[in-house]
Structure formats: structure tokens, C-alpha cells
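Residue numbers (this note's numbering): 29 to 389. For every residue, glycine included, the Cβ atom is placed at its ideal position computed from N, Cα and C. Before any comments, here is the structure.
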Ligand code: PMV
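What follows is the structure, encoded as C-alpha cells:
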């Protein structure tokens, strides 16, 4: 009969890079100029929930994002759909009496409904969670028996950073050597239990959509920034090794130092781009001051404490990601630094540094 619908729902958290991916060596295949490392958030927060369904009654592939229909005609969606479809195998749902063969999948259409529980395209890696979830849900629906790393290479075709959301915990995206991109995929460095004292606090300063998309930004950077070439060749390879070591040994001092420096270099590379990209200042003056203040306060706090307490990292949007070494530090961070968040006045801002709310007291 034409009446049946088969459905799968999946939930995928976003990830935050601590060694950043910025710059593609191949734009169509989404192959990066350097390896990157990220931490995947808890599934309860910042995540995408996607339901994929298939029915002989569907006359075309369709997708809704946060309840609004969006076009699937873009190359990125098409790549993901094509790659999963080509790996589809027989599905037999005995309860519903549905049998779908490998051949049927070529003709059947899917409907996709996806929800983000956080601002879309505001530099909070919504596409990372989105494409990872889409690829994972489709692979379950179509019974594509690929492991997470193989699926990550498919999610990469949707959005580079998406490949890292196929795993929890700490994840490395290996840039790979192959021109076709078969070895550009994600591997898990450590699972979510390995370093569970860490607390990640995200200050959403602005939920507005970012002005420069990462695709345009990366293209401009690759074409114009000499600093990027130096970063990709000389800096990141060594940093990746050190970061892997820091994660393995739960060495927060090294972890924080590497994450903060790498975030700063990523924004330096953006500034070194022609025309320059200002992700951290792409917001109101007061909010930008607040972000810059977070950096200097965390730096001062870490120095005053004698050993790093908090790491910061900023992606392609005006939001701060703060990683506290443990729960006590996270509580202090929220009470003191984010106490008057978002800052309402210049006096409010100053009170963090000088006044009675100062974190350095
Ligand atoms: O995956 P994209 O194209 O959204 O690029 C994301 C790039 C950064 O978030 C800035 C860094 C990273 O490694 O996630």
C-alpha cells in the first residue's frame, strides 16, 4: 500500500573547536588546510533534533528547519543525501509489514524536519549539529552500515565542523592527504567521561545572524592571508600534538593556554584577511567591549591564580565560550564575571574590573 511512513528521530549536540578549522584546500569536497580538535557539548543543551521519514506518498525530498521549509537544492544537502542513499541497504520493519530494498531507496523521497534549540547561524555551530544529525538520522533510516568515522566524512560535505559532532567527548578532524577526501574524517580522542570536571559556559552576547558566512570568510582568508599559510603549516601541526597530550593527561594549564592562543590566532587570521573579518566586533559597541573584557579578565584571573582556571574560545560570531577547570570555578565565573550579563552600561562593565564585583578580589 502507499499509506505507510517510516520515521527515525536523532539528536546531536554541537561542538566547540579548541584548535580551530579555518580555510579549505578544496571547497566542493570541504577539505581543510589543517587538522582541528573540538569538544562536543552535552546533548541536553545546544543540540539539533531531526526527524527523517520516508513514504511512497512523498513526491519529492523536502526539509523544514525550525518549522519553516528550506530548499534542499544546495550542493551540500545534495552531497549528503546522495552519499547516504548510495549506502542504503534493505530495511524490513516486521511490525509495520514494510519491506524496502536497496533498489527502492533510489526512488523513494524523504521528508526532514529539524529543530535547533539555540540561535541558528550566530557562530554557535548550528550547521555542525545540523548536518551531523541529518547524516546520522538518514543513515539509520536507510540502514547504511557505516561506522561513525565514515559517516563523519559524509557530514563533512554538509559543513566541515559537522564531521566532529558524530562523536561525543574530544574529537579530532584529521585533514587527510587524499585529493578525493576519503581520509578527511573525524576520530574520537577521548569519550565524554574522560574529563568530566570541565564545565563549559556559553555567553550568547548576540543571537543575530553573523555578517560574514564562514564559507565566504574562509575563501577570502585562503586567498589573501599569509598568516593563515604560516598557521596551517608551522603552528597548528605542533599545537595539535600538544593539545592531544593535554587532553590525554587532563592537563588544564596546557589545555587552556593552547585553546586561548588558538582562538586568538584564528581571529588574528580573520583580521589579516582582505577585506578584514571582525567576528568578535560584529555587534554593538558595548557587547564587543564585553567580549574583549572577558578575554582580559580571564587572562588576569589566570595569572593571579598562578595556574589557569578558565579557558576562552570565540568562534565566527560574537559569543564567548568559557571552559572552567571544575564546578567551583564555573560557579565563580557565572557569579562574578557573568553576574551583570549582558552589560547594560559602561559603569556596569567597569565594575567587573575595578568595582566590588571584581573577579580579582
Ligand atoms: O563548519 P563551518 O563552515 O561552519 O566552519 C566553522 C569554523 C569555526 O567554527 C570558526 C571553527 C571550527 O573549527 O569549528
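Going by beta-carbon coordinates alone, are residue i and residue j separated by less than 8 Å?
i           : j           : result
residue 108 : residue 186 : yes
residue 85  : residue 165 : no
residue 346 : residue 310 : yes
residue 111 : residue 182 : yes
residue 213 : residue 180 : yes
residue 348 : residue 322 : yes
residue 144 : residue 62  : no
residue 130 : residue 117 : yes
residue 48  : residue 294 : yes
residue 32  : residue 124 : yes
residue 223 : residue 267 : no
residue 333 : residue 227 : no
Could you give the distance in angstroms between the alpha-carbon of residue i and the alpha-carbon of residue j?
i           : j           : result
residue 339 : residue 300 : 24 Å
residue 296 : residue 274 : 24 Å
residue 193 : residue 280 : 23 Å
residue 359 : residue 327 : 18 Å
residue 88  : residue 138 : 7 Å
residue 52  : residue 324 : 31 Å
residue 66  : residue 43  : 6 Å
residue 288 : residue 282 : 10 Å
residue 239 : residue 344 : 9 Å
residue 127 : residue 157 : 30 Å
residue 302 : residue 271 : 30 Å
residue 178 : residue 122 : 28 Å
residue 249 : residue 255 : 9 Å
residue 211 : residue 64  : 14 Å
residue 209 : residue 189 : 15 Å
residue 50  : residue 58  : 11 Å
residue 140 : residue 100 : 10 Å
residue 350 : residue 231 : 8 Å
residue 79  : residue 331 : 47 Å
residue 306 : residue 315 : 13 Å
residue 146 : residue 160 : 16 Å
residue 54  : residue 257 : 15 Å
residue 106 : residue 362 : 42 Å
residue 233 : residue 132 : 48 Å
Comparing C-alpha positions only, which one of the options sits nearest to residue i?
i           : options           : result
residue 142 : 117, 169, 234, 96 : 96
residue 18  : 94, 244, 139, 100 : Outside the displayed span of the chain (29 to 389) sits residue 18, for which this structure offers no information.
residue 197 : 363, 32, 45, 361  : 45
residue 34  : 157, 171, 72      : 171
residue 261 : 321, 189, 60, 214 : 60
residue 229 : 356, 317, 249     : 356
residue 354 : 225, 266, 205     : 225
residue 337 : 343, 65, 329      : 329
residue 342 : 308, 335, 321     : 308
residue 173 : 70, 217, 293, 114 : 114
residue 312 : 236, 79, 363      : 236
residue 69  : 199, 119, 101     : 199
residue 219 : 54, 206, 195      : 195
Mapping DSSP to helix, strand and coil, what is residue i?
i           : result
residue 90  : strand
residue 48  : coil
residue 342 : strand
residue 246 : helix
residue 318 : helix
residue 164 : helix
residue 174 : coil
residue 199 : strand
residue 227 : strand
residue 106 : helix
residue 271 : helix
residue 53  : strand
residue 65  : strand
residue 81  : strand
residue 216 : strand
residue 388 : Any reading at residue 388 is ruled out, since the residue's pLDDT is 48, under 50, leaving its predicted position unreliable.
residue 122 : coil
residue 41  : strand
residue 76  : strand
residue 99  : coil
residue 328 : helix
residue 116 : coil
residue 350 : strand
Taking 7 Å as the cut-off, is the CB of residue i close to at least one heavy atom of the ligand PMV?
i           : result
residue 343 : yes
residue 49  : yes
residue 214 : no
residue 64  : yes
residue 183 : no
residue 141 : no
residue 189 : yes
residue 45  : yes
residue 253 : no
residue 291 : no
residue 234 : no
residue 242 : yes
residue 155 : yes
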